[in-house]
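Just so you know, the UniProt record's numbering puts 99 at position 99 of the sequence shown, and the rest follows in order with no gaps. Think of the CB as a built atom: it goes at the ideal place given N, C-alpha and C, for glycine as much as any other residue. Have a look at the structure below before the remarks.
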Amino acid sequence: MKAKEFGKKLIGKVKHFRLTRSVFSYPYIIFMLIFVVTPLVIVLVNAFIYDGHFSFRNFGAFFTDSSSLSVLATSLAVGVITTVLCFVIGYPVAYILSKWSSGSIIVVLIILPMWVNFLIRTYALQNIFEGIGIKLGMGTVIFGMVYNFIPYMIMPLHTTITNIDKCYAEAAQDLGANPVVTFLKTTLPLSVPGIISGITMVFIPTISAFAISELLSKNSIMLFGDSINLKFTNQLYGVGSVMSLIMLVLVLISNFIIGKINKGEAARNLW
Numbered sequence: 001m002k003a004k005e006f007g008k009k010l011i012g013k014v015k016h017f018r019l020t021r022s023v024f025s026y027p028y029i030i031f032m033l034i035f036v037v038t039p040l041v042i043v044l045v046n047a048f049i050y051d052g053h054f055s056f057r058n059f060g061a062f063f064t065d066s067s068s069l070s071v072l073a074t075s076l077a078v079g080v081i082t083t084v085l086c087f088v089i090g091y092p093v094a095y096i097l098s099k100w101s102s103g104s105i106i107v108v109l110i111i112l113p114m115w116v117n118f119l120i121r122t123y124a125l126q127n128i129f130e131g132i133g134i135k136l137g138m139g140t141v142i143f144g145m146v147y148n149f150i151p152y153m154i155m156p157l158h159t160t161i162t163n164i165d166k167c168y169a170e171a172a173q174d175l176g177a178n179p180v181v182t183f184l185k186t187t188l189p190l191s192v193p194g195i196i197s198g199i200t201m202v203f204i205p206t207i208s209a210f211a212i213s214e215l216l217s218k219n220s221i222m223l224f225g226d227s228i229n230l231k232f233t234n235q236l237y238g239v240g241s242v243m244s245l246i247m248l249v250l251v252l253i254s255n256f257i258i259g260k261i262n263k264g265e266a267a268r269n270l271w
């Protein structure tokens with residue numbers, strides 16, 4: 001009887017239990033707290049701690065070090081060059097593939113190498129360059145960056161261009177616009193969201209990338225991500241944390257600027 005009464009009580013509690021949507025967010029919140037918020041707090045604390053006391057000496061050590069500032073400038077330059085090259089190469093590819101019935105299959109083939117770890121791909125590039133006698137340096141580093149990140153430019157561009165309603169181009173042609181004008185006045189403006197997404201997905205990872213420059217330049221070129229990794233490896237946690245915060249600020253500024261540009265383009269008239 002006791003077991004029966006217990007079963008009835010348990011069933012009653014189950015019936016009264018209502019599963020809310022917020023319950024499903026708990027695992028995500030816990031994950032974010034442990035693996036995102038906690039590391040950020042640790043980095044923030046380390047940036048302002050020197051010899052066990054609150055101090056700005058770590059910031060001073062970074063901003064008075066000309067080599068660190070040079071590495072930051074080089075990283076930004078490499079990020080801009082890589083993003084521009086990815087766009088110049090990726091946009092025509094995405095545009096052409098959007099016109100083909102088998103374009104989506106080719107995009108998948110372009111994405112397939114991304115399933116291989118980027119270190120393995122970079123080691124393969126290093127062996128290829130050395131095998132054919134190409135001197136490792138800035139050129140090979142930029143080539144490696146473009147090779148690793150161009151799929152992130154092609155994917156959003158292909159999706160955006162493919163989803164553009166063809167009636168816009170047809171209307172422009174009916175009004176007497178030639179193919180060039182039609183492209184500049186319809187396809188290009190309507191593909192701005194894809195361009196913005198591509199720039200975001202290429203520029204931000206590029207300026208924070210590490211190992212690619214080391215492997216493809218034989219350690220002759222160091223970028224910001226490599227420098228951060230080196231600081232933590234050498235147990236310079238204070239300066240490394242400052243550099244990590246600077247990288248975070250750069251990412252936030254980039255996202256803010258790109259978001260503003262995206263909103264501005266969306267607010268403009270098509271013509």
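For residue i, the residue or residues it bridges with in DSSP
i: His53; result: Tyr50
Contact under 8 Å by Cβ, residue i with residue j
i: Gly79; j: Phe203; result: yes
i: Lys166; j: Ala177; result: no
i: Thr206; j: Thr82; result: yes
i: Val242; j: Asn127; result: no
i: Ser220; j: Gly139; result: no
Residue i beta carbon near the ligand NAP (any heavy atom closer than 7 Å)
i: Gly60; result: Among the ligands in the structure shown, none appear at all, so the ligand NAP cannot be discussed.
Limits of the alpha helix (DSSP H) - the one that residue i falls within
i: Ser213; result: 212-215
i: Ser102; result: Neither: Ser102 is in no alpha helix (DSSP H) and is coded neither H nor E.
i: Ala177; result: That residue, Ala177, is in no alpha helix (DSSP H); it is neither H nor E in DSSP.
i: Lys231; result: 224-233
Cutoff 8 Å: residue i Cβ touching any chain B Cβ
i: Thr206; result: Any reference to chain B falls outside this structure, which holds one protein chain only.
Where residue i falls: helix, strand or coil (DSSP)
i: Phe17; result: Confidence is the limiting factor: at Phe17 the pLDDT is only 49, short of 50, which leaves the residue's position unreliable, though a coordinate-based value still follows. Residue state, collapsed to three classes: coil.
i: Ile81; result: helix
i: Asn219; result: coil
i: Ser254; result: helix
i: Ile134; result: coil
i: Val45; result: helix
i: Asn127; result: helix
i: Ala209; result: coil
i: Leu236; result: coil
i: Val36; result: helix
i: Asn117; result: coil
i: Ser191; result: coil
i: Thr200; result: helix
i: Thr186; result: helix
i: Thr64; result: coil
**Request:** Taking only runs that begin and end inside the region 139-168, name each unbroken alpha helix (DSSP H) of 4 or more residues, in chain order.
**Result:** none
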